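**Student:** Numbering (our numbering), first residue to last: 276 to 479.
Structure below; questions to follow.
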């Protein structure tokens, strides 16, 4: 693993680069809101992707690099992410078909910026479709529009008991339910299998 420091409009980000022996495509993944790049589902997907010929970069947002747990506003997350992806595509991942994604908040960022980054596919782990309703509060708005805005093939791997709900499948969007909740820790083998079945379509 090689750790790269990348300056963005909102501070310094890190990219943890896991290079395939003979890379044929690239996968760039972001972390959840309060988590980091060492989450078990991201680690499982990294291993699968490398075995399928993908070089993988796990992007740590500037707020996490700075030691904060509270996420930055969405526009800042998107701008920092795009800066890191552009940096990687101009250097270490140059010329490779690009799949982007992440878990939870990271999946939202990847969806919102998919067109701008030139991604050919989007991988969402535990997409936070709709925040659970709090007692006495109005229902939070759905984030389905972020998924609907993606115009390239998308895979959503979602825990069957995810309190954020499960998005619908469409012609472009494959949704795979696995055992467990939003953490996706219950059946990492099923998470890995879903990703392994989907990724080869993007390899040259």
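All residues carry an ideal CB built from backbone N, CA and C; glycine is no exception.
In this text, all values refer to a predicted model and were calculated from it rather than measured experimentally.
Looking only at its own chain, which residues have a Cβ that is under 7 Å from the Cβ of residue 395, when we skip the five neighbours before and after it?
**Tutor:** 372, 373, 374, 427 and 477
**Student:** With H, G and I counted as helix, E and B as strand and the rest as coil, what does DSSP make of residue 326?
**Tutor:** helix
**Student:** Could you spell out where the alpha helix (DSSP H) holding residue 481 opens and where it closes?
**Tutor:** Outside the modelled stretch of the chain, which goes from 276 to 479, sits residue 481, for which no answer is possible.
**Student:** Could you give the distance in angstroms between the alpha-carbon of residue 354 and the alpha-carbon of residue 283?
**Tutor:** 8 Å
**Student:** Quick test of the definition: if touching needs 3 or more C-beta pairs under 8 Å, does the segment 383-395 touch the segment 336-356?
**Tutor:** yes
**Student:** Can you confirm whether the segment 327-336 touches the segment 298-313 when touching is taken to mean that 3 or more C-beta pairs between the two stretches lie within less than 8 Å?
**Tutor:** yes
**Student:** Whose C-alpha, out of 367, 361, 404 and 376, is nearest the C-alpha of residue 437?
**Tutor:** The residue with the shortest Cα to Cα distance from residue 437 is 404.
**Student:** Whole-angstrom Cβ separation of residue 378 and residue 401, contact assumed at under 8 Å?
**Tutor:** 5 Å
**Student:** Can you tell me where the alpha helix (DSSP H) with residue 339 in it begins and where it stops?
**Tutor:** 337-340
**Student:** Which stretch, first to last residue, makes up the alpha helix (DSSP H) that contains residue 433?
**Tutor:** DSSP places residue 433 in no alpha helix (DSSP H) but in the uninterrupted beta strand (DSSP E) bounded by 429-434.
**Student:** Would DSSP call residue 370 helix, strand or coil?
**Tutor:** Residue 370: coil per DSSP, three-state reduction.
**Student:** Is it right to say residue 414 is buried, meaning 16 or more other beta carbons lie within 10 angstroms of its own, or is it exposed?
**Tutor:** Classification of residue 414: exposed, given that the 10 Å Cβ count is below 16.
**Student:** Whole angstroms are fine: how far does the CA of residue 417 sit from the CA of residue 276?
**Tutor:** 37 Å
**Student:** With residue 293 as the anchor, note down where its beta strand (DSSP E) starts and where it stops.
**Tutor:** 286-293
**Student:** Tell me, which residues are paired with residue 282 by DSSP?
**Tutor:** 287
**Student:** For residue 380, which residues of its own chain have a beta-carbon under 8 Å away from its beta-carbon, when the five flanking residues on both sides are left out?
**Tutor:** 305, 306, 307, 308, 346, 352 and 403
**Student:** Can the beta-carbon of residue 291 be found closer than 8 Å to that of residue 312?
**Tutor:** yes
**Student:** Among the residues of its own chain, which have a CB less than 6 Å from the CB of residue 344, if the five just before and after it don't count?
**Tutor:** 309
**Student:** Specify, as a first and last residue, the run of the beta strand (DSSP E) that residue 452 falls within.
**Tutor:** 448-453
**Student:** Straight-line CA distance for residue 357 to residue 448?
**Tutor:** 22 Å
**Student:** Using C-beta distances below 6 Å, list every residue in its chain close to residue 294, excluding the 5 sequence neighbours before and after it, in chain order.
**Tutor:** 330
**Student:** Which residue or residues does DSSP assign as beta-bridge partners of residue 396?
**Tutor:** 374
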